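Enquirer: So the sequence shown is numbered by the working numbering: it starts at 75 and just counts up by one.
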Amino acid sequence: PAKPWNPGPNSVVKLSRNSQSPFRNIFGPGELGLHMPNRGDYDGFGVTLSSIKPDKDQHLFVGFDFRAAGSEAGGNGSWRYYLGHGPGNSAAIELFFTGKDFFRRSADAKETVAPLKIGEWYQVQLNLDLKARTYAGQLLSLGSKTDFAGQFASGWDGTIDYSFIDSYGHLGGV
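1) In whole angstroms, what is the alpha-carbon distance linking alanine 165 and glycine 246?
2) Run through DSSP, which three-state label would serine 93 get?
3) Within 10 angstroms of the Cβ of phenylalanine 135, are there 16 or more other Cβ atoms? Answer buried if so, exposed if not.
4) Can you tell me whether glutamate 168 is helix, strand or coil according to DSSP?
5) For the pair the region 81 to 98 and the region 114 to 123, tell me if three or more CB-CB distances fall below 8 angstroms.
6) Whose C-beta lies closer than 8 angstroms to the C-beta of serine 90 among residues of the same chain, with five residues either side of it excluded?
7) How is the beta strand (DSSP E) around tryptophan 62 delimited, first residue to last?
8) Classify lysine 88 as helix, strand or coil using the three-state DSSP reduction.
9) Can you tell me which residues form a DSSP beta bridge with valine 111?
10) Going straight from the alpha carbon of proline 81 to that of tyrosine 236, what length do you get?
11) Since alanine 188 is in the beta strand (DSSP E), which residue starts that stretch and which ends it?
12) Enumerate in chain order the residues of its own chain whose CB-to-CB distance from phenylalanine 222 is below 6 angstroms, with the five nearest sequence positions on each side excluded.
13) Which stretch, first to last residue, makes up the beta strand (DSSP E) that contains serine 228?
14) Please look up how many angstroms separate the CB atoms of glycine 224 and serine 180, rounded, as I've assumed it's under 8 angstroms.
15) Over the uninterrupted beta strand (DSSP E) stretch that includes arginine 179, give me the two end residues.
16) Pick from Ala206, Leu216, Gly193: whose alpha carbon is nearest that of arginine 259?
This is the structure in structure tokens:
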């Protein structure tokens with residue numbers, strides 16, 4: 075995809091008019107979404123966050139939309155959403171999802187938050203408290219809302235300058 079997105083090495087990431095979220099409560103309508111295949115090879119894309127500035131209380135607000143597009147998106151593996159320092163191992167936040175479930179990481183524990191439905195769009199809204207190293211979140215669909223919260227990952231180094239989604243979730247496999 076075009077800048078500012080950074081596809082991973084050999085990643086298959088396609089721009090798609092069919093991958094556009096229906097949500098309009100945070101972001102205006104877009105023209106293109108990103109489609110990532112369900113396969114055994116690594117796939118991912120990221121973005122450098124050079125102008126991130128928390129509010130005066132050291133809170134940062136993050137939102138993204140996703141869906142598991144079809145039943146072929148099944149399998150035993152999971153996708154990972156990462157927010158932290160660089161594309162390495164200094165995550166503040168890690169969230170995971172399969173075609174069936176949405177998970178959160180709190181400190182070093184990974185726990186199920188809510189079931190998902192294939193083909194349904196979801197929106198994640200996060201409120202990060204950088205000082206307390208905690209977050210509160212909501213998982214929304216057109217018909218439901220699930221609240222969740224957690225602590226930042228224990229290895230976070232205090233910097234947030236990169237975000238990515240990739241196929242290296244907490245559950246191995248496709």
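Note that beta-carbon positions come from the ideal geometry of N, C-alpha and C, so glycine has one too.
Remember, it's a predicted structure, so these values are computed and weren't measured experimentally.
Expert: Inspection of the coordinates gives the following:
1) Distance between the alpha carbons of alanine 165 and glycine 246 is about 19 angstroms.
2) DSSP places serine 93 in helix when its eight states are reduced to three.
3) Phenylalanine 135 should be labelled exposed.
4) It is a strand residue.
5) Here the region 81 to 98 makes contact with the region 114 to 123; the two share three or more CB pairs at distances below 8 angstroms.
6) Leaving aside the five residues that flank serine 90 on each side, the residues in its chain whose CB is nearer than 8 angstroms to its CB run, in chain order, Leu106, Gly107, Leu108, His109.
7) The chain is shown only over 75 to 248; residue 62 falls outside these bounds and no answer can be derived.
8) Correct three-state label for lysine 88: strand.
9) First, the amino acid is wrong: residue 111 is proline here, not valine. Note: proline 111 sits in no beta bridge, so no partner.
10) Using only the alpha carbons, I get a separation of about 13 angstroms.
11) For alanine 188, the uninterrupted beta strand (DSSP E) segment begins and ends at 183 to 189.
12) In the same chain as phenylalanine 222, and ignoring 5 residues on each side of it, the C-beta atoms closer than 6 angstroms to its own belong to Arg178, Val187, Gly211, in chain order.
13) For serine 228, there is no enclosing beta strand (DSSP E), as DSSP marks it with neither H nor E.
14) Taking C-beta atoms under 8 angstroms as the contact rule, glycine 224 and serine 180 qualify, at a distance of about 3 angstroms.
15) 175 to 180 is the span of the beta strand (DSSP E), which, as asked, contains arginine 179.
16) Beyond the ends of the chain as shown, which are 75 and 248, falls residue 259; an answer cannot be given.
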